[in-house]
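Position one of the sequence shown corresponds to residue 405 (this note's numbering), numbered consecutively onward. Notes follow once the structure below has been shown.
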Amino acid sequence: MKKRMKFSVVIYAVVMLLLLSWMLGVFQPKDDNLAYSQIVELFRQEQVRSFQVNDHTITLYLREAYEGKTTLRSRLADPEGFRRDFQALFLEQQEAGILESYDFVAGKEMSPYDFVLPIVLAGGVLLILWVILTSRASRSNPMNDFGKARTTLGSGQKKVTFRDVAGVDEEKAELQEVVDFLRNPKKFEEMGARIPHGILLAGAPGTGKTLLAKAVAGESNAAFLAISGSDFMEMYVGVGASRVRDLFQQARKVAPAIIFIDEIDAVGRKRGTGLGGGHDEREQTLNQMLVEMDGFGRAEGVIVLAATNRPDILDPALLRPGRFDRQIYIAPPDSKGREEILKIHAAGKRLDESVNLRTVALATTGFTGADLSNLVNEAAITAARENRPVINMKDLNDAMMKILAGPEKRSRVRLEKDRRLTAIHEAGHAVAMYHLPEHDPVHQISIIPRGHALGLTWTQPKEDSDHLTRNQMYQQIVGLLGGRVAEALFLKDISTGASNDIDRASKLARDMVARYGMCESLGTVSYTSGEEVFIGRDYEKTKSYSEKVAGTIDDEVKAIIDRAYRECESYLREDAQKLQQVVEFLLEHETMTGEQFARCMEGKPIGEAGDTSLFDSYRQ
Ligand code: ADP
Ligand code: MG
Ligand code: ZN
């Protein structure tokens, strides 16, 4: 840009100089340097046919050539005096037809210098326009750097270190090796140690893969070149491959460096699979990536980190030694990890004394780092909206409910008939759950719409458990059917409101039968296979069993659901009156706490609602 600017200024100066000298040449009147007496003599000899005085210049048009010219020009020192002295002669000669015409032009003659300023200015404006246009054009013309990798270099941002990532201690320990290598590649080289070229970070969305990759770069003071797998994909074949080449080139230039390829599954899918045939562009890009990863030597100080949440669909060639030969699985954090993550995100925010992050951590089973970050943020927003300087436990509870089920939609207008249906449905869930000892206890029942749900029955897991037993799964199915069963029993009609419940119940039953080997007739065999066709997940899997087995699976699933339905029905019939009480209460108050519900089921007065939050059973 600077170079081009200088260059154009020089060109401009040269052009201006040429222009000016030409103009001066053209406009400079050729002066024939006549003496005053000579001019007077020409008049006396009646040689002048006509003349013109313009400022201090006189132009004479002669009858006969004088010194070879018929037009003479000369300076006149005192044109006024000349006019005064010879006025009489002019009139006389004009009368006689000797002098055909003459003219005294008043004012100043245009000097060539008068043109200089506007021309220089106009030239300058044009020059500036040209510089702007050309530089803009080169910037916005995508063809100029189409094949370049559009990376984002992590400089200028706040440096991320391992301290910003919590709950992933083992993963950090594994990555520490990479950090050491990037800090001091020489040492490893001398030892002849083999450092992995590529490390694959696999884990559910929001578990902190991107954050961890940034932290590795931050810890090792390496450059961080981030690109997303989908950035390689363009409309034109070959662009992806050229971007890969460019990416590795850039990295080598700034080494030590980390290349971070987010969502690598966009390029790194198994080749030759997928519905609708292969994808040339993707394969070329992937091949180029493999070539580059094989090509760069250990000493170059470049390490590729890639992230995906679908490691199962990656091409095996990517996972071969020398490429992404190390894989780090990042699981959602456990309760201790969640507490640490909460602490990181709560730092710098003011918390009420009542806030116990340990309690929050215990209650947030299954939350990822991103969910927890979101939780703290939502709570802070609520506090700020209510002009409170500190975040309290209720803010955190509301934020958690919002994340789990979407925001409340209190303003939604609902027909009384629909409210009653929702109340019956939710009461059905709650009453069924009350009868199930292995089911998580009811925490709150609500008929305020939230997210996609018209009503909700919240339960609260008793503990952070890694696995489900057959009994637990079965009882969950019974609880899920409660809504539908209540509709059927007490409305004599059924609604679409239960569709999500039925989906989930069916999936649980199918998993019990086909995945976890929990039914006798099929034995302890898993009838699912890991291989998935890309479109249509889960049960569109390629079947590895006979039609006969498929039929048996369907029969067993139906048997489980039917049994659960009957069981649920018996509970609701037994407690029909209490269920009606819950319904009336919900129609009046919209929400019912777990305690109120328990009192109702025990036949005690329902009473006032105490302070309730999702953290209740975790308080210590
Ligand atoms: P991913 O790339 O796995 O989808 P990100 O790294 O983008 O997840 O995480 C999103 C956000 O969630 C991060 O910016 C961070 O604020 C928060 N986060 C996720 N995991 C953690 C963690 N282990 N420790 C602290 N914060 C985390
Ligand atoms: Mg990410
Ligand atoms: Zn339901």
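Ideal Cβ positions, reconstructed from N, Cα and C, are used throughout, including at glycine.
Query, Result
"Just to check my reading of the structure: G901 and L858 have Cβ atoms closer than 8 angstroms, yes? What is that Cβ distance to the nearest angstrom?", "6 angstroms"
"Hey, quick one: how far does the alpha helix (DSSP H) through I717 stretch, first residue to last?", "Counting along the chain, I717 falls outside any alpha helix (DSSP H), and DSSP gives it neither H nor E."
"Note down the Cα distance separating N545 from T538, rounded to an integer number of angstroms.", "Low confidence applies to N545: its pLDDT is 49, below 50, so where it sits in the model is not reliable, and the reading given next is rough at best. Answer to the nearest angstrom: the Cα atoms are 10 angstroms apart."
"With respect to 7 angstroms, is the separation between the Cβ of A570 and the closest non-hydrogen atom of the ligand ADP below this value?", "yes"
"DSSP three-state label for E1006, please.", "coil"
"Using C-beta distances below 7 angstroms, list every residue in its chain close to I1010, excluding the 5 sequence neighbours before and after it, in chain order.", "F989, Q1000, R1003, C1004"
"If we count the other Cβ atoms within 10 Å of its Cβ and call it buried at 16 or more, is T772 buried or exposed?", "buried"
"Taking the straight line between their C-alpha atoms, what separation do you get for V889 and P811?", "27 angstroms"
"Nearest CA to the CA of I367: which residue from D716, D756, A892, E575?", "This structure cannot settle anything about residue 367, because the visible part of the chain is limited to 405 through 1024."
"Roughly how many angstroms lie between the CA atoms of G940 and D905, to the nearest whole one?", "Because the pLDDT of G940 is 39, which lies under 50, any placement of that residue in the model is unreliable, and the number read from its coordinates should be weighed accordingly. Rounded to whole angstroms, G940 to D905 spans 21 angstroms at the Cα level."
"Measuring from the CB of L991, is there a heavy atom of the ligand NAP at a distance below 7 angstroms?", "Ligands displayed in this structure: the ligand ADP, the ligand MG and the ligand ZN; the ligand NAP is not among them."
"Measure the C-alpha to C-alpha separation of Y440 and L525 and round it to an integer number of angstroms.", "41 angstroms"
"Just curious, the alpha helix (DSSP H) that G699 is in, first and last residue?", "684-699"
"Please enumerate, following chain order, all residues with a beta carbon closer than 6 angstroms to at least one heavy atom belonging to the ligand MG.", "K613, T614, D666, A711"
"If you follow the beta strand (DSSP E) that F447 is part of, which residue opens it and which one closes it?", "Careful: F447 lies outside any beta strand (DSSP E), inside the alpha helix (DSSP H) at 440-448."
"Is the CB-CB distance between L1037 and M804 below 8 angstroms?", "No statement about residue 1037 is possible, as the shown extent of the chain runs from 405 to 1024 and does not include it."
"A627 by DSSP, collapsed to three states: which one?", "strand"
"For a quick check, are the C-beta atoms of V846 and G998 less than 8 angstroms apart?", "yes"
"Threshold first: 3 residues or longer. Then list the beta strand (DSSP E) segments lying entirely within the stretch 474-518, N to C.", "505-509"
"Which two residues bound the contiguous alpha helix (DSSP H) that contains D669?", "669-672"
"Using the Cβ count rule (16 or more neighbours within 10 Å means buried), how would you classify T763?", "buried"
"For the 8 angstroms Cβ check, are there 3 or more pairs between the stretch 482-489 and the stretch 451-462?", "yes"
"Go through its chain and collect everything with a Cβ distance to Q985's Cβ below 6 angstroms, but skip five positions before and after it.", "C1004"
"For K896 and D822, what's the separation of their Cα atoms in angstroms?", "15 angstroms"
"For T956, which of helix, strand or coil comes out of DSSP?", "helix"
"How would you call W426, buried or exposed, if buried means at least 16 neighbouring beta carbons within 10 angstroms?", "exposed"
"Let me check one thing: in DSSP terms, what residues is F455 bridge-paired to?", "L464, Y506"
"Find out if the Cβ-Cβ distance for the pair D756, R714 is shorter than 8 angstroms.", "no"
"With H, G and I counted as helix, E and B as strand and the rest as coil, what does DSSP make of F1019?", "coil"
"Would a C-beta distance cut-off of 8 angstroms place V648 and E696 closer than the cut-off?", "yes"
"Can you tell me where the alpha helix (DSSP H) with G1033 in it begins and where it stops?", "In the structure displayed, the chain extends from 405 to 1024; residue 1033 sits before or after that span and is not available."
"Taking C-alpha atoms, which residue in A831, D799, A597 lies nearest to T786?", "D799"
"Going by alpha carbons, who is nearest to P736 out of R686, D959, V572, A831?", "V572"
"Quick check on M996: does DSSP put it in helix, strand or coil?", "strand"
"Considering only the beta carbon of each residue, do E450 and Q498 sit closer than 8 angstroms?", "no"
"Just curious, the beta strand (DSSP E) that S850 is in, first and last residue?", "846-850"
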